[in-house]
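Reading through the structure tokens given below for one structure.
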Amino acid sequence: MRNRRLLAALAVCLVALAIPAAGSSKSTGLPTAIGAGEGSLNLVAWEGYAEDQWVKPFTAATSCKVNRKYAGSSDEMVSLMRSGGGSQYDLVSASGDASLRLIYGKNVQAVNPALIPDFKNFIEPLKSPPHNTIKGVHYGISLQWGPNTLLYNSAKVKPAPTSWAVLYDARNKGKITVPDNPIQIADAALYLMATQKSLGITDPYELNAAQFKAAVALLKKQKPLVKKYWALASDEIDLFKNGDATLGASWPYQTNTLKAAKVPVVDLIPVEGATGWADTWMLSAKSKHPNCAYKWMAWVSTPKVQAQQAVFFGETPANTLACKEMEKIAKGSCAQYHADAPVSYFNQIKFWKTPVADCGNGKQDCKDYSAWQQAWTEVKG
Amino acid sequence: MLAPPVVWLGVLYLAALVLLFVAAFWKVDSFTGDLQHVWNVDNFTHIFQSSTYRAIALRTIGIAAAVTITDALIALPFAYFMARIAGPRTRAMLFVAVMVPLWSSYLVRVYAWRLILAHDGALNWALHGIGLPSVSVSYSNWAMWIVFSYIWLPFMILPVYTAIERIPDSLLEASRDLGARGARTTRKVVLPLALPGVVAGSIFTFSLTLGDYITPKLVGGTGSQFIGNVVYDSVGVANNIPFAAAYATVPLVVMAAYLLLARRSGAFEAL
Chain A
0 MRNRRLLAAL AVCLVALAIP AAGSSKSTGL PTAIGAGEGS LNLVAWEGYA EDQWVKPFTA
60 ATSCKVNRKY AGSSDEMVSL MRSGGGSQYD LVSASGDASL RLIYGKNVQA VNPALIPDFK
120 NFIEPLKSPP HNTIKGVHYG ISLQWGPNTL LYNSAKVKPA PTSWAVLYDA RNKGKITVPD
180 NPIQIADAAL YLMATQKSLG ITDPYELNAA QFKAAVALLK KQKPLVKKYW ALASDEIDLF
240 KNGDATLGAS WPYQTNTLKA AKVPVVDLIP VEGATGWADT WMLSAKSKHP NCAYKWMAWV
300 STPKVQAQQA VFFGETPANT LACKEMEKIA KGSCAQYHAD APVSYFNQIK FWKTPVADCG
360 NGKQDCKDYS AWQQAWTEVK G
Chain B
0 MLAPPVVWLG VLYLAALVLL FVAAFWKVDS FTGDLQHVWN VDNFTHIFQS STYRAIALRT
60 IGIAAAVTIT DALIALPFAY FMARIAGPRT RAMLFVAVMV PLWSSYLVRV YAWRLILAHD
120 GALNWALHGI GLPSVSVSYS NWAMWIVFSY IWLPFMILPV YTAIERIPDS LLEASRDLGA
180 RGARTTRKVV LPLALPGVVA GSIFTFSLTL GDYITPKLVG GTGSQFIGNV VYDSVGVANN
240 IPFAAAYATV PLVVMAAYLL LARRSGAFEA L
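Protein sequence lines correspond, in order, to chains A and B.
Quick note: the first sequence uses numbering that gives the first Met the number 0, first residue 0, plus one each step.
Quick note: the second sequence uses numbering that gives the first Met the number 0, first residue 0, plus one each step.
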């Protein structure tokens, strides 16, 4: 809240400064109004984030023609936004493990949430989350989120697990699958946070040398138990379908797909809590179509589009008004994706953010993302 | 007449390799991800000192060698049958059988193998059907070895077939006239003359396996990373192009040594 008030004050100052120029004043700061569309918009998005059912009405309403480029991973998104001098794409639907890299790499620019009418209806923790807001400056508009759940085959895994401990238990050797992603180190850290209090981990993304070593050691111990590190959601779906894995770290998307295929799976957020992802539309620092970009960010924040996307992809909208729209599309989907859940549910989840050396305690002793990536290569061997 | 191909090779191919090699001596600012043109050999020392990267390089080379040997062992009798025993109709059918898989996408074939080798897949279903216990080869180095051997087999069969077909009948007749039986003729006449074909084929199977990163990702298990995967992750995940360039020189050196050896055996004439 505080940040917003500050920002509003800042916006007022800017308006005063920019009166002669009117409209956007890019060189001095944030735009204060959305100008006429430039006729075209280039997106880097997750597959399922720019579907025709909400892109076509957008183009009809704004005459911004949308060109889509789907990325397969957070890292591909970062690469795409950096390629060709950074002016090829206007917006990227970055997850928390990519967003800080884009901000510190100066690949994205600050945006003015006052230009997004639905921003006020967002769930409170997603208005200024640490993965897209730095010192009160917003570098994007939150979109959707979801937890990284524990998934298991309920016909084969008994008793039903309640803790992440099952993924580190030698009795489950050869039945486990976890994501092939350096950010997975945070899952180990989250587990250690609950089970080895002496390490003093307070944030699974801010690990000093000793904490980092313990998390990596836990993952190395886990490796012989793992059947496969999955790279694509479809990998994990295959593993569960074909009986190669019965336990794994997952997303709600896999659970829904597997349930639709009549595989007896259950997912849950274990007692230790869970990590999660939250995606943000971020505006390229060298965007050629900023007005169309703002129009798009406003469009995808409306309850109807938020609901369409949430149901299509299987995730939770940031806009709290989307619940009713979700019920219209698919009965029960609001509760299924916890779109009506209180902030306390949200607070169980430690959202992905890019690990950086500066842990915020004034010291620069945390392991940064390149250390995470190298350690992950060593874990996989 | 030689000038255009030389220019093409020089500019497009060698220049790219030189750039790759030069980039290996730069570094990346870990905070902003910017490339820093500071000369250093940190990337190479890291590769040589880390047991992980050594193990990955050895695994890649080892599996490439195993795949090459497997393909050679399968291709020799197969090509011999095709070239010297089968009639024209059977030969045409065998040719089609060898070539048809090449018309379908590489990915389709790898995914097909994933289904065959899966825990509840076709292989275990068949084993159960004949009363044998199921095997657990899915998502392992064994699976990679099987899939690579299958995918690159045509590239071994064709040059070996060419080499065996070229052996004049008179040599085999002479061998028989001099009293050598089938096994001895094969060992003393056919194999030495087919060897350049095997070496030519091995250049394909070895280099294609050495540079692959998709099959390890799709059918490999834990501890199945190839050099290509590390390069891919260094570029895509870590945005560390200098490190990727440094590691990419490893297969380059291995392949250069291999080609020099192959040239000595006269394999290039058999291509």
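Glycine included, every Cβ here is placed at the ideal spot set by N, Cα and C.
Since the structure is predicted, the reported quantities are computational estimates derived from the model, not experimental observations.
Please classify residue i: does DSSP put it in a helix, a strand, or coil?
i, result
"residue 38 (chain B)", "coil"
"residue 231 (chain A)", "coil"
"residue 375 (chain A)", "helix"
"residue 151 (chain A)", "strand"
"residue 331 (chain A)", "coil"
"residue 29 (chain A)", "coil"
"residue 67 (chain A)", "strand"
"residue 176 (chain A)", "strand"
"residue 338 (chain A)", "coil"
"residue 107 (chain A)", "strand"
"residue 118 (chain B)", "coil"
Under the rule that 16 or more other beta-carbon atoms within 10 Å means buried, what is residue i, buried or exposed?
i, result
"residue 25 (chain A)", "Residue confidence is low: residue 25 (chain A) scores 43 on pLDDT, short of 50, so the model does not pin down where it sits. Its coordinate-derived value is still stated next. Label assigned to residue 25 (chain A): exposed."
"residue 224 (chain A)", "buried"
"residue 36 (chain B)", "exposed"
"residue 121 (chain A)", "buried"
"residue 343 (chain A)", "exposed"
"residue 93 (chain A)", "buried"
"residue 260 (chain B)", "exposed"
"residue 11 (chain B)", "exposed"
"residue 105 (chain B)", "exposed"
"residue 304 (chain A)", "buried"
"residue 395 (chain A)", "Within the shown structure, residues of chain A are numbered from 0 to 380, placing residue 395 (chain A) beyond reach of any answer."
"residue 221 (chain A)", "buried"
"residue 191 (chain A)", "buried"
"residue 76 (chain A)", "buried"
"residue 360 (chain A)", "exposed"
"residue 57 (chain B)", "exposed"
"residue 29 (chain A)", "buried"
From the options, pick the residue whose C-alpha is nearest to that of residue i; which is it?
i, options, result
"residue 32 (chain A)", "A:294, A:364, A:203", "A:294"
"residue 143 (chain B)", "B:240, B:180, B:259, B:66", "B:66"
"residue 240 (chain B)", "A:369, A:220, A:150, A:57", "A:369"
"residue 354 (chain A)", "A:281, A:203, A:229", "A:203"
"residue 339 (chain A)", "A:317, A:278, A:149", "A:317"
"residue 351 (chain A)", "A:234, A:175, A:125", "A:125"
"residue 132 (chain A)", "A:59, A:108, A:373", "A:108"
"residue 44 (chain A)", "A:73, A:117, A:149", "A:73"
"residue 151 (chain A)", "A:135, A:175, A:205, A:252", "A:175"
"residue 59 (chain A)", "A:38, A:77, A:46, A:315", "A:38"
"residue 27 (chain B)", "B:173, B:243, B:263, B:247", "B:243"
"residue 335 (chain A)", "A:265, A:367, A:356", "A:265"
"residue 210 (chain B)", "B:160, B:15, B:151", "B:151"
"residue 263 (chain B)", "B:52, B:195, B:248, B:53", "B:195"
"residue 213 (chain B)", "B:43, B:204, B:231", "B:231"
"residue 253 (chain A)", "A:200, A:312, A:279, A:364", "A:312"
"residue 284 (chain A)", "A:161, A:377, A:81, A:277", "A:81"
"residue 200 (chain A)", "A:41, A:358, A:374, A:373", "A:358"
What number of angstroms, rounded off, separates the C-alpha of residue i from the C-alpha of residue j?
i, j, result
"residue 113 (chain B)", "residue 218 (chain B)", "6 Å"
"residue 67 (chain A)", "residue 242 (chain A)", "36 Å"
"residue 3 (chain B)", "residue 13 (chain B)", "14 Å"
"residue 46 (chain B)", "residue 76 (chain B)", "41 Å"
"residue 147 (chain A)", "residue 346 (chain A)", "14 Å"
"residue 62 (chain B)", "residue 81 (chain B)", "28 Å"
"residue 128 (chain B)", "residue 119 (chain B)", "13 Å"
"residue 256 (chain B)", "residue 117 (chain B)", "37 Å"
"residue 95 (chain B)", "residue 101 (chain B)", "10 Å"
"residue 382 (chain A)", "residue 193 (chain B)", "Outside the shown range of chain A (0 to 380) lies residue 382 (chain A), about which nothing can therefore be said."
"residue 176 (chain B)", "residue 170 (chain B)", "10 Å"
"residue 20 (chain A)", "residue 65 (chain A)", "With a pLDDT of only 39 at residue 20 (chain A), under the threshold of 50, the placement of this residue in the model should not be trusted, and no figure is reported."
"residue 18 (chain B)", "residue 24 (chain B)", "10 Å"
"residue 96 (chain A)", "residue 130 (chain A)", "8 Å"
"residue 79 (chain B)", "residue 234 (chain A)", "40 Å"
Are there three or more Cβ pairs, one per stretch, closer than 8 Å when the stretch 141-152 of chain A is compared with the stretch 298-314 of chain A? The way I'd put it, the stretch 141-152 of chain A does touch the stretch 298-314 of chain A; three or more beta-carbon pairs between them come closer than 8 Å.
Sufficient close CB pairs (3 or more, under 8 Å) joining the stretch 190-202 of chain B to the stretch 141-156 of chain B: Touching, yes.
For the pair the stretch 207-219 of chain A and the stretch 268-288 of chain A, tell me if three or more CB-CB distances fall below 8 Å. No, they do not touch.
Inspect the CB distances between the stretch 255-262 of chain A and the stretch 46-60 of chain A and report whether three or more fall short of 8 Å. Contact fails: fewer than three Cβ-Cβ distances are below 8 Å.
Pairing CB atoms from the stretch 245-255 of chain A with CB atoms from the stretch 157-176 of chain A, are three or more of them under 8 Å? In the pairwise beta carbon analysis, the stretch 245-255 of chain A is classified as touching the stretch 157-176 of chain A: at least three pairs are separated by under 8 Å.
Three or more C-beta pairs closer than 8 Å, one from the stretch 212-226 of chain B and one from the stretch 81-97 of chain B: is that the case here? Short answer: they don't touch.
Does the stretch 325-341 of chain A come within contact of the stretch 95-110 of chain A, defined as at least 3 CB pairs closer than 8 Å? The stretch 325-341 of chain A is not in contact with the stretch 95-110 of chain A.
Given 8 Å as the limit, is there contact between the stretch 132-152 of chain B and the stretch 205-219 of chain B, that is, 3 or more CB pairs closer than that? The stretch 132-152 of chain B, when compared against the stretch 205-219 of chain B, does touch it at the 8 Å Cβ threshold.
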